[in-house]
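J.:
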Amino acid sequence: MKQESLLQVKGLSVDFSTKAGNVRVLNQLDLHLLPGEALGIVGESGCGKSMTALSIMRLVPVPPGNIATGQILLNGTDVLQLTESEMEDIRGNEISMIFQEPMTSLNPVFTIGTQVSENIRRHQSKNSAQAKEKTLQMLEAVGIPAPKQRINQYPHELSGGMRQRIMIAMALSCQPSVLIADEPTTALDVTIQAQIFELLRQIQAEMGTSVILITHDMSVIAEFADRVAVMYAGRKIEEGLVRDIIDNPRHPYTQGLINCVPVLKTDPGTERVELNEIPGVVPSMAQLGTGCSFAPRCHKAIDRCYEEVPPEVTVGENHCASCWRVGEIA
Amino acid sequence: MSNREKTDAAVRPDRPLAELWHMFFANKAAVLGLVLWLLVITTAVFGLTIHPGDPFAMVGAPMTPPGEEFLLGTDYLGRDVLTGIIHGASVTLAIGFSATVCTAIIGVTIGVLAGYYGRWVDNLLMRVTEFFQVLPPMLFVMVLISLFTPSIYLIVLAIAVVSWTGMARLARAEFLKIKEMEYVKAERAMGARNASIMAKVILPNALPPLIVAIALNVGTAILFEAALSFLGLGDPNAFSWGYMIGSSREYIWDSWWTITFPGFAIFLTVLGVSLVGDGLNDALNPKLREL
Amino acid sequence: MNSEVSLKVDNLRTYFKVRRPHLFAEQPTVYAVDGVSFEIASGRTLGLVGESGCGKSTTAFSVLRLVEPTSGSVVLKGTDICRLNENDLRNYRRHMQIIFQDPYSSMNPRTTAGEIIRTPLKILKIGTPEEQHERVEELLSLVGLRPEQKKLYPHQFSGGQRQRICVARALAPNPDFIVCDEPVSALDVAIQSQILNLLARLQREFGLTYLFISHDMAVVQHICDEIAVMYLGRIVEKADRRSLFLDVKHPYTKALLSAVPSMDKEAKRSSTALKGDVPSPMDPPSGCHFHTRCPFAEKRCSMEIPELREVHPNHWVACHLV
Amino acid sequence: MKTFLVGLNRTIYSLVLLLAVIVLNFILVHIAPGDAVTAMIGDMGGATPELVAKLRADYGLDQSLFTQLHTHIWKMMRGDFGLSFTHRVPVRDLILDHLPATILLVTTAFFLALITGTILGIIAAQKPKSLVSHVVTVLSLSGFAAPIFWTGLMLLIVFAYLLPLFPASGMKTPGFQGTGLEAIVDVLKHLVLPAITLASVYIAVYSRLARASMLDVLGSDYIRTARSKGLSRRVVVYKHALKNGILPVVTMAGLQFSQLIAGAVVVETVFSWPGIGQLAFNAILRRDHPLLLGILFFSTLMVVVANLITDSSYRILDPRIR
């Protein structure tokens, strides 16, 4: 399976300058996204997954942020080399993004009609009547009831789920080839989460949009993504097809991540079982030392793990992991 | 250092006050403000020993320009401007500080009660606050002064009466915010009394913005006193900077120095206050501290 | 029920009056908790699960009288908490404690971990200062922290460690009953399991009774002995863990369960995704609150309020169609 | 409909505030040592007890406090503020003569400050470390620190004496006979220095506030959304951020309107501007209580009206509170 990648991230490193000095929040990240696929990026808070998304959009606040090394190729063009105004033409047009907090991600003082049509008018030379027409179509497409009335409402008049639909309508209004969804349902209830993923799945099928889904929840990945990259402390530590990763994780962190969450069972039994734990806490990015950053929490760590960063090893078709003991771990 | 030694990352000595001190002194503007303040305080305390004199005494020819005999000149009655400025420093400081203390007491008490108890207490107290907020302060104080005999106490009280509303709003907003924090609910769940929650839990956490507001209030109180004295409504026995400017106002075309120098003294004092206030704000603001 | 009842909540109602938009508007009322009854056996855990705005947290706060309930009774070990005067209530608080959701805002940032844990002991005047300090160290090691960490401030701990401190604080006065208000929702997944295991261990060791509030079905299933599902201020289904999941009765519980994403490849979603949003608790629908979103709703669902009935031994459902 | 009701509500509330001012006036006069008659007698240089009694009866001072308050409220609501001691004309006429000058000064200064302050604040917020930002900081610090009367006097020395560009006092050139445009230009020339003086303080306040608020808004989620749509920096700042960023400025402007009027009193005195401030200054020198209280009432009325206007403009800007 050798397909041309739509989006490719090569050796991306991002630094942040803080009071404690320069902190590398993303370290030598490689990712690729195939046309029409859904790639999941999973990890705990602070692992650099949101920073990856912002880097691709070139929305990392500079300063204090700084993209130190790497390339982000969209159809072969390195977006990091574009001027700001060339990048503006790509944002919302070629690549769109939806964010975690639907409550704060829409501007409270403009109607949703204004906010959705703004995107259309920015990238497609349409007059206001055409843009309004298109806006109505988009609202309909994302399942907003009575779009003609909603178009004149303000964000505070809508529920969280409705706002996230608006965000999706806005993001998809110019048929982007890549949609980045950064924890799109974390702030929403499960029944609304199910609705939103239903919608994303349907839209992806209809429009063929490639999706990068960023989440901390492996079960969301299992339900939505085709491939998944697992991140820890600014690095990608394992990558592969979703089923391979879930059924056969090779990195101890991935194993821990999958085994430590309680799984909903049809017959939970009467006895309570102990959950698996990953001991310790996520290290602070400012205080990473040499070696594998997961080593201090890893029950399989050997001396070498504290000394050298493990390289990426291919462990199967489309499946690779970064661990010194990957050969011994089944 | 390897990761093995860093497993227990968050163990470092923490001395919040020392950090605050450091933040404050790293701020050049704040240090300048502090220097200005030390200057004013030194003048108020030691000025008259170095340059003794009665500010009301007519010591020279009227309207002598600044020069060798009188460093800052004399006014239309021949009173030494420098003596006046030195004397005015203590009057200004005394009024600025005492008015601020009164303002803080009234404002913080009302704000704390409104913010903590909410409901009808808040409703009532906020209506009262809004009422005082629509009264134009200078006019209200003018009415008070014209109805009662002007004295330094009346002036201090009057300044407090017209300036407590901002402090009350701030204290209320902070209390409303902190009251909803889970650690306050936790305190209630443990059976703590209201008075102890207010004084020992919420107040210390609400203090940083209040300290800044109180510091800045010293500046507004000084300006207010100056304006009153300028209008001739101050205590006639207190030789303040505002009084100096007000009394020489008629002679502005002939003796600019009698107006410029006292005004400059007020300017520098209040500037010092706001620089210190800003420095405190930056040092106490945890948002800025993170970076 | 074979063991002794620790907590009995009967017909609890908590309504809030909201500020009117203008003088001529009707007084808006939020029916946050609208007739909730349950009991928890000593040493066991009841899970209260539901979506945001369903009143589960208000129920928890009302049970502890951190929010004044409008009516109903809460009997803990034979004492009706709702009838205690302020002084008695304050003293009675040693028997009931709470662990909050947000480990970042649940500790006073200006006090050290040790002082935070000692606070309930000081307030309730339990022991001499020396005894209190000893107890603090004991509690710290009990929740998996080191005694010397008592000198640190909250911002020097990670989220999981903070939650451990909160657990220690709740345990300090030796309570019988602890309300856990979404104790793991704000934590990273890897830390969640640490705290869940800790809570389970402490319950075994000290025979604690938990009221466990959560929106996460999987977590509730894992830790609770009995589960009550809430929707817009009312309990719609209540059963012990096994019978609830083996035989889900209420359409809302079904929908809630089918919405939970799963890592299992077999458990592909049956498409019973609910339509629409939760209605506002300020203006709840008539009859069965769920009828506006229920795929099976009939005419009478919008007219009559369904009663919570026992359809199987210890399996209660409020639905006309069951 | 709701907008109308909210507006009506605000108006009623404003009327209550004004009523409270009337009552305050009454209370102040009554707790002050001496009463109107004592003051009059003081003016006349003594009187017989019979005359005193007659005057007291004339002024209704022999009646019960409640009746007096009642009469006082009715009189004031009918616009009867009594006679000025010194001018021997109705207070109301005197104030209405001087009010337009004050309104002209205050509104000019207000908009000058609002517009200049906001523009400076926005420019400074975009490049927090730039020269402009530092200039704004220095300007706002000095604007706040300089006593307003001193700023006025310094401007007089520079722009009326050293460089005689503007007239030093009054609102019209004495003996000036021009009409139409000429007359307007004449007034404007007189207006420049007082308006700048009065605005200087508020330019400082608003530029600081606008800067802080814009910085805050520029870091918000919806600005990131706007940028993620590919909107240019200019559109993001001047469309998306500005409308949110000026909300705190409008709030502050409303809250500080009473201080603006108080500032006008001082500025009018410095520039002999024939407004109510100057009237008040003269009234206080002559202990003309009815005039002073009338001025307090009218200026409060201005503040209340200004607050109603800011309130409704806030409602237009922010749909969340409509």
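Protein chains in written order, with this note's numbering: chain L, 1 to 330; chain F, 331 to 621; chain H, 622 to 943; chain Z, 944 to 1265.
Beta carbons are placed, not taken as given, at the ideal position from N, Cα and C, and that holds for glycine.
Taking only the alpha-carbon atoms, compute the straight-line gap between residue 675(H) and residue 902(H) and give it to the nearest angstrom.
T.: 8 Å
J.: Give the range of the alpha helix (DSSP H) segment to which residue 660(H) is assigned.
T.: Run containing residue 660(H): none in the alpha helix (DSSP H); it sits in the beta strand (DSSP E), 650-662.
J.: Which residues does DSSP list as the beta-bridge partners of residue 71(L)?
T.: 10(L)
J.: For a contact defined as C-beta to C-beta under 8 Å, what are the partners of residue 838(H) on chain L?
T.: 190 and 264
J.: Could you give the distance in angstroms between the alpha-carbon of residue 210(L) and the alpha-carbon of residue 184(L)?
T.: 15 Å
J.: Would you kindly report the start and end of the unbroken alpha helix (DSSP H) that includes residue 949(Z)?
T.: 945-974
J.: What residues of chain L sit near residue 1073(Z), judged by a beta carbon separation below 8 Å?
T.: The contacting residues do not exist; residue 1073(Z) stays about 14 Å from chain L at best.
J.: Bridge partners for residue 231(L) per DSSP, in chain order?
T.: Its beta-bridge partners are 236(L).
J.: Using a C-beta to C-beta distance shorter than 8 Å, which residues of chain H count as neighbours of residue 518(F)?
T.: Here the neighbours are 687.
J.: What is the rounded straight-line gap between the Cα of residue 339(F) and the Cα of residue 600(F)?
T.: Because the pLDDT of residue 339(F) is 35, which lies under 50, any placement of that residue in the model is unreliable, and the question is left without a value.
J.: What three-state label does DSSP hand residue 319(L) in the structure shown?
T.: strand
J.: Report back the beta-carbon spacing between residue 10(L) and residue 214(L) to the nearest angstrom; my notes put them in contact at under 8 Å.
T.: The pair is not a contact, with the Cβ atoms about 19 Å apart (cut-off 8 Å).
J.: Cutting at 6 Å between CB atoms, please list the residues of its own chain near residue 174(L), excluding the five before and the five after it.
T.: 93 and 123
J.: Could you check if residue 1070(Z) is buried or exposed, using at least 16 other CB atoms within 10 Å of its CB as the buried criterion?
T.: exposed
J.: Assuming residue 225(L) and residue 40(L) make a contact with CB atoms under 8 Å, what is their CB distance in whole Å?
T.: 3 Å
J.: Within a Cβ cutoff of 6 Å, which residues of the same chain sit near residue 424(F), ignoring the five residues on either side of it in sequence?
T.: If we look at residue 424(F) and ignore the five residues flanking it on each side, it has no Cβ neighbours.
J.: Would you call the CB atoms of residue 1214(Z) and residue 1095(Z) closer than 8 Å?
T.: yes
J.: Beta-carbon separation of residue 279(L) and residue 843(H) under 8 Å?
T.: In this structure, residue 843(H) does not lie closer than 8 Å to residue 279(L) by Cβ.
J.: For residue 199(L) and residue 148(L), I'd like the C-alpha separation in whole angstroms.
T.: 20 Å
J.: Can you tell me whether residue 621(F) is buried or exposed, with buried defined as 16 or more other CB within 10 angstroms of its CB?
T.: With a pLDDT of 33 at residue 621(F), under the threshold of 50, the modelled position of this residue cannot be trusted; read the value that follows with caution. It is exposed - the Cβ of residue 621(F) has fewer than 16 other Cβ atoms within 10 Å.
J.: For residue 108(L), which residues in chain Z fall below 8 Å Cβ to Cβ?
T.: 1165, 1187, 1261, 1262 and 1263
J.: Indicate whether at least one CB of chain H lies closer than 8 Å to the CB of residue 159(L).
T.: yes
J.: Do residue 557(F) and residue 497(F) come within 8 Å of each other at the CB atom, strictly closer than that value?
T.: no
J.: Select from the segment 646-672 of chain H all residues with a C-beta closer than 9 Å to any C-beta belonging to chain Z, and list them in chain order.
T.: 646
J.: Could you tell me the alpha carbon to alpha carbon distance between residue 870(H) and residue 325(L), rounded to whole angstroms?
T.: 48 Å
J.: Between 7(L), 57(L) and 65(L), which lies nearest to residue 15(L) when the distance is taken from Cα to Cα?
T.: The closest CA to that of residue 15(L), considering only 7(L), 57(L) and 65(L), is found on 65(L).
J.: Please state whether DSSP places residue 1189(Z) in a helix, a strand or coil.
T.: coil
J.: Helix, strand or coil for residue 547(F)? Go by DSSP, reduced to three states.
T.: Reduced to three states, the DSSP call for residue 547(F) is helix.
J.: Can you tell which of 689(H), 732(H) and 662(H) has its C-alpha closest to the C-alpha of residue 699(H)?
T.: 662(H)
J.: Contact check, residue 323(L) vs residue 250(L) under 8 Å by CB: the rounded distance?
T.: 7 Å
J.: Rank 585(F), 438(F) and 594(F) by C-alpha distance to the C-alpha of residue 409(F) and give the top, closest one.
T.: 585(F)
J.: Tell me which residues share the same chain as residue 970(Z) and place their Cβ nearer than 7 Å to its Cβ, disregarding the 5 neighbours each side in the sequence.
T.: none
J.: Check the C-beta distance from residue 464(F) over to residue 1246(Z) and give it rounded, since I have them as a contact under 8 Å.
T.: 5 Å
J.: Taking the C-alpha atoms as reference points, what is the distance between residue 363(F) and residue 477(F)?
T.: 38 Å
J.: If the cut is a Cβ gap below 9 Å, which residues of chain Z does residue 610(F) touch?
T.: Residues of chain Z passing the Cβ test: none, with the nearest at roughly 15 Å.
J.: Counting only the same chain and skipping the five closest in sequence on each side, list residues whose C-beta sits under 7 Å from that of residue 791(H).
T.: 718, 719, 720 and 799
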